[in-house]
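Okay, so here's the structure we're looking at.
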Amino acid sequence: MSSESATQGGATEAWPILSMTERRILGVMVEKAKTTPDTYPMSVNSLMTGSNQKSNRDPLLNLSDEDIEKTLAGMQPKGYVTRIQGGRVERWRHNLYDLWSVNKVELAILAELLLRGPQTEGELRQRASRMEPIDDLDALRLALKPLVDRNLVIFLGPEGRRGTLITHGFHAPKEIDLLKSQSRVEDVASPSIRASASGDLGNIERELADAKSEIAAMRTQIQQIQDTLRTTQEQLQTLKNSLGG
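Be aware that the sequence shown starts at 3, since it is given in this note's numbering, and climbs by one per residue.
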C-alpha cells in the first residue's frame, strides 16, 4: 500500500491511497459481509472469486490467489484487515468501521464506490441499497454529507447538479485530476449530443412533412387520373350508343 495520502484542497482529512487490488478486496469484504454474512469472514479463495466476478464490478479484474494473499499481507499491518485463525481454512475480515469511523450506510456507499468507481447519485443510491436501505436521493445526500466533509467521498463536478459523478477519496491526486478532466469532457460533450439529437429530430420532422406533401400530391394526381378515366369511359359509352351498339 502506498504511503502517500490522497489529499485534496480544503479537505479536513487525508486518506492513504489504495491500489486497485486493495480497493477491490475491501469492497468485496464489505459487500459479502452485508449481503451474504454466512460466507464472512472470507477465505483467500472466496475473496479471489468475489474480486473477479463479472457483476457489480468495474473494472473487471483477473486476480490470482497470490495477488490476494500479497495484498492482504500488505494491508494487515495498516489495520485494514485481520486474519482469523483457528479453522481449517484461514479467513479474513475488515476493520473499516473503526478505521474510517463510519456507520453502516456510509460504509455501504464507500464499498460501492470501491467496487465500481465513479457513479451518479442515482446509480449509487440504487446500488448501495442492496447492502443497506437508502430510501431516496435525499437519504443518500444526507449520508454523503459527512463523507464529503471528511474527504472520504469526492464530487467530480458541481455538487447537486444532475448527473455529476461521485467517487471515493482513496485515489491518488493525479487520478482525481484525470477523473475530473474526463467528467468535464463528458459535460461538454453532452450539450453537443443533445444539440445533434435535436438537429436530427428536426431533419426527420422536415423529411416527414415533405413526404406527407408528396403523398398528398400523388393522391391528387391519382384522383385526377381516375376522373379523366371515368370521363373517357362515359364518352366511349355515349359514342357506342350513338352508333347503335
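Backbone N, C-alpha and C define an ideal beta-carbon position, used for all residues, glycine too.
Bear in mind the structure is a predicted one, so any value in this text is a computation, not a measurement.
Practice task
Could you say which of Ala211, Tyr42 and Gly124 lies nearest to Arg95 if we only look at CA atoms?
Solution key: Tyr42
Practice task
Please confirm if the segment 149 to 167 is in contact with the segment 112 to 124, defined as three or more CB-CB distances below 8 Å between the two stretches.
Solution key: yes
Handout entry: Given 8 Å, three or more beta-carbon pairs between the segment 44 to 60 and the segment 101 to 111
Key = no
Handout entry: Residue closest to Asp140, alpha-carbon to alpha-carbon, out of Leu154, Gln78, Thr240 and Glu123
Key = Distances from the alpha-carbon of Asp140 to those of Leu154, Gln78, Thr240 and Glu123 put Glu123 closest.
Practice task
For the beta strand (DSSP E) holding Val155, just list the boundary residues, first then last.
Solution key: That run of the beta strand (DSSP E) goes Val155 to Phe157.
Exercise for the section: Just the C-alpha distance for Arg232 and Ile224, rounded to the nearest angstrom, thanks. Expected result: About 12 Å.
Practice task
Since I believe Ile27 is in contact with Ser53 (beta carbons under 8 Å), could you give me their beta-carbon distance rounded to a whole number of angstroms?
Solution key: Ser53 to Ile27, Cβ: 6 Å. Contact.
Exercise for the section: Following the continuous beta strand (DSSP E) through Val107, name the residue where it begins and the one where it ends. Expected result: Careful: Val107 lies outside any beta strand (DSSP E), inside the alpha helix (DSSP H) at Lys106 to Arg118.
Practice task
Out of Thr23, Lys34 and Gly81, point me to the one whose CA is closest to Leu62's CA.
Solution key: Thr23
Exercise for the section: Sort Leu241, Gln78 and Gly29 by Cα distance to Gln55 and report the nearest one. Expected result: When only C-alpha atoms are compared, the closest one is Gly29.
Handout entry: Element boundaries [alpha helix (DSSP H), containing Val32]
Key = Here the alpha helix (DSSP H) through Val32 covers Met22 to Thr37.
Practice task
Provide the residue(s) that pair with Ser45 in DSSP beta bridges, ordered along the chain.
Solution key: Residue pairing of Ser45 in beta bridges, as defined by DSSP: Arg93.
Practice task
Pull up the DSSP beta-bridge partners for Leu167, would you.
Solution key: Looking at the DSSP assignment, Leu167 forms a beta bridge with Thr122.
Practice task
Use the C-beta contact count for Ile156: other C-beta atoms within 10 angstroms, 16 or more gives buried, fewer gives exposed.
Solution key: A buried status is given to Ile156, since no fewer than 16 other beta-carbon atoms sit within 10 Å of its beta-carbon.
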